[in-house]
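S.K.:
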Amino acid sequence: MIIAGILGAEAGFWIALVLALAARYLLRRRTLSTVLLWSLPVIDLALLAFVVIDLARGSAPTPSHALAASYLGFTIAFGHPLIRWADATFARRFAGVARPPKPAKGSAAYVRALWVEWLRVVLAAAIAAAILAVLALVVRRDPLPSTLEAAGTNPLWAQMITLAVVVAVWFLAGPAFARTTPETRTSS
């Protein structure tokens with residue numbers, strides 16, 4: 007049931023976003039577009055309420071509940087850049103706006119973008135961890151785990167471990183070894 011809620015929230019996000027951008031660029035209805043864009047956080051709040059109500063009614067925490075918390079963390083942290091990307095894509099396609107140049111690999115702008123993206127991952131993980139902690143409080147059946155093994159047996163606490171691994175891997179795959187190159191230092 008929770009997976010259906012996550013899929014519904016994801017579908018609702020994309021439907022509302024496409025409708026908002028279509029209203030803005032095809033119908034030239036900026037107010038309608040703005041109202042539809044404001045519905046995006048409401049979709050996230052509806053998913054959060056759905057998960058909290060499910061746990062408050064006595065459901066045992068599952069990996070699906072933990073996944074919902076992670077989904078919410080990442081949609082909150084990455085939602086604005088994703089909306090900006092979609093808006094720019096619609097603007098290019100329907101308003102004739104030119105594509106902005108991508109920063110050259112190894113340029114200061116490229117390295118800065120990797121760091122900003124990783125910091126968004128850290129923010130997403132922190133938001134998800136906060137939601138997971140609130141969900142654990144709602145459940146109130148499982149005390150704070152005292153060992154890593156105990157945390158691994160509870161889906162909510164195990165997800166926090168997974169989030170830490172995601173943050174570490176993203177750091178190593180992204181900004182950890184990114185450096186500006188001599189060629190791009192002079193041209194940046």
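In case it helps, the numbering used here puts the sequence shown at residues 7 to 194. All C-beta atoms in this analysis are idealised placements derived from N, C-alpha and C, irrespective of residue type, glycine included.
Which of the three DSSP states, helix, strand or coil, is assigned to Thr186?
M.R.: In the structure shown, Thr186 sits in coil (DSSP, three-state: anything other than H, G, I, E or B).
S.K.: Using alpha carbons as the reference points, say which of Ser152, Pro151 and Trp121 lies closest to Gly180.
M.R.: Among Ser152, Pro151 and Trp121, the Cα nearest to that of Gly180 is on Trp121.
S.K.: Where does Thr95 sit, in a helix, a strand or coil, going by DSSP?
M.R.: Looking at Thr95 - three-state DSSP - the assignment turns out to be helix.
S.K.: What did DSSP end up calling Gly11 once you bin it into helix, strand or coil?
M.R.: The answer is helix: DSSP assigns Gly11 an H, G or I state.
S.K.: Return the first residue and the last residue of the alpha helix (DSSP H) that Val41 is part of.
M.R.: Start and end: Arg36 to Ala62.
S.K.: Just checking: is the beta-carbon of Ser39 within a distance shorter than 8 angstroms of some beta-carbon in chain C?
M.R.: Of the protein chains in this structure there is only one, and it is not chain C.
S.K.: How far does the alpha helix (DSSP H) with Thr168 in it reach, from first residue to last?
M.R.: Thr168 -> alpha helix (DSSP H) spans Pro161 to Ala179.
S.K.: Would you please state the rounded distance, in angstroms, between the beta carbons of Ala72 and Ala132? I believe it to be under 8 angstroms.
M.R.: The Cβ separation is near 15 angstroms, so there is no contact.
S.K.: By DSSP, does Leu33 sit in helix, in strand, or in coil?
M.R.: Leu33 falls in the coil class under three-state DSSP.
S.K.: Looking at C-alpha atoms only, which residue of Gly158, Arg30 and Val58 is the closest neighbour of Phe100?
M.R.: Considering only alpha carbons, the answer is Arg30.
S.K.: Compare the beta carbon distance of Trp91 and Trp124 with 8 angstroms and say whether it is the shorter of the two.
M.R.: No, these two residues do not count as a Cβ contact at 8 angstroms.
S.K.: Got a sec, what are the start and stop residues for the alpha helix (DSSP H) Arg118 sits in?
M.R.: Looking at the DSSP string, the run of the alpha helix (DSSP H) that includes Arg118 is Ala114 to Val145.
S.K.: Report buried or exposed for Met7, applying the criterion of at least 16 other Cβ atoms within 10 angstroms of its Cβ.
M.R.: Exposed, since its Cβ has fewer than 16 Cβ neighbours within 10 Å.
S.K.: In whole angstroms, what is the alpha-carbon distance linking Ala142 and Leu154?
M.R.: When rounded, the distance between both Cα atoms is 16 angstroms.
S.K.: When the distance is taken between beta carbons, is Ala157 closer than 8 angstroms to Ile167?
M.R.: Yes; because the gap between Cβ atoms is below 8 angstroms, this pair is in contact.
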